[in-house]
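Counted from 1, the sequence shown has number 152 at position 152 by full-length UniProt numbering; the numbering is strictly sequential. From the three backbone atoms N, C-alpha and C, an ideal C-beta is built for every residue, glycine too. Only one structure is covered here, and it is reproduced in the block below.
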Amino acid sequence: MHYDPIKRVLGDVFNKTPFLRRVFFNLLDLLLLRTWHVHKELRQWAADRRNKEQNILDAGAGFGQYTYHLSSMSPKWNILAVDVKEEQVSDNNRFMRELGRHNVLFKIADLVHFRQPNSYDLILSVDVMEHILEDVDVFKNFYSSLQPGGMLVISTPSDQGGSDVHGDDETSFIEEHVRDGYNINEIQDKLRSAGFSKMEARYSYGKPGQISWRLSMKYPMLMLNTSKLFFIVLPFYYLVTFPFSLVLNWLDVNNRHASGTGLIVKAWK
């Protein structure tokens, strides 16, 4: 399945005004379980840094929802957000200028080649690495670009059913992925080969999260891929399923999982 056509439709709807864009980001924050997990990590990292100048890289910014969230946490933080899509970068810069957030800049860059030695206190990479074949090259660039003591946070599918793949005969639910997911030891070994020595990794999308993902993301996306007329049905669908997804998301974020279809990985320089 391809997300890009649906993303373009959503972009056309929600990018009409800054208000609609902010509504869209708030909806994503509520619906997307990975956002719950990433926000939890960012809150912990920011606990004693909100009043300090920090340099942050959003590596693979996409729609810019995580850059928007970071820029809401502290005006003292300088945030560079990079992505390979020129149209998206331009649109994100326009949105941030409309909000008056001058501590944020979006820039076109390929993470396989992007390196700014000793520049960042935090690098955030959310659902990006599963799209990049040359992942070790990117990890080396991340390591070089972090300041000593800086932290890298990665959210990515795991090999325990990430991309909704559960067997050798199945293909990724999201066809843009170059890998179905990481083995938890594999990604740590790759980070270690890039120079990192201190790492933590945990599973996300345990049993509660897998149910929530199907309710809030997979089934709606399948409907929208069938026909755009399902946009009319979506509000009523979410009216029924949304309360269940909220409870399931809370359970997933607040419990440790022996296995899960997602990974949250942190590494320090």
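- Taken atom to atom, the span from the alpha-carbon of I123 to that of K266 is near 10 Å.
- The three-state reading of DSSP puts I187 in helix, counting H, G and I together.
- The beta strand (DSSP E) runs lying completely inside the UniProt domain "Methyltransferase" (51-158) and spanning 3 residues or more are 54-59, 77-83, 104-108, 120-126, 146-157, given in chain order.
- Pairwise C-beta distances place the segment 18-32 out of contact with the segment 188-203, as fewer than three of them are shorter than 8 Å.
- I264 places its beta carbon less than 8 Å from that of H37.
- Distance from the CA atom of V84 to the CA atom of P117, rounded to whole angstroms, is 20 Å.
- Judged by pairs of C-beta atoms under 8 Å, the segment 140-158 does not touch the segment 74-81, as fewer than three such pairs exist.
- Per DSSP, the beta-bridge partners of E200 are K266.
- Between the alpha carbons of V138 and K107 lies a distance of about 17 Å.
- Shown here, Y219 sits in a helix according to DSSP, grouped into three states.
- Y182 has S158 as its beta-bridge partners, per DSSP.
- The beta carbon of N103 lies closer than 7 Å to those of S71, P75, W77, N78, I79 in the same chain, with the five residues before and after it left out.
- The beta carbon of F142 sits closer than 6 Å to those of I123, L152, all from its chain and outside the five residues before and after it, given in chain order.
- Minimum Cα-Cα distance from G262 among the listed residues Y68, E86, V128 corresponds to V128.
- Contact check between the segment 223-230 and the segment 45-64: fewer than three CB pairs, one atom from each, fall below 8 Å, which does not count as touching.
- In the structure shown, A47 adopts coil according to DSSP, grouped into three states.
- Setting aside the 5 residues that flank it on each side, E86 is surrounded in the same chain by I108, each with a C-beta closer than 8 Å to its C-beta; the list follows chain order.
- Annotation for N26: the continuous alpha helix (DSSP H) segment containing it runs 18-31.
- Each residue's CA atom was taken as its position, placing S216 and T241 some 7 Å apart.
- DSSP places G209 in the helix class (H, G or I) of the three-state scheme.
- Going by C-alpha positions, G209 is about 26 Å away from F14.
- The C-alpha of L99 lies about 11 Å from the C-alpha of R21.
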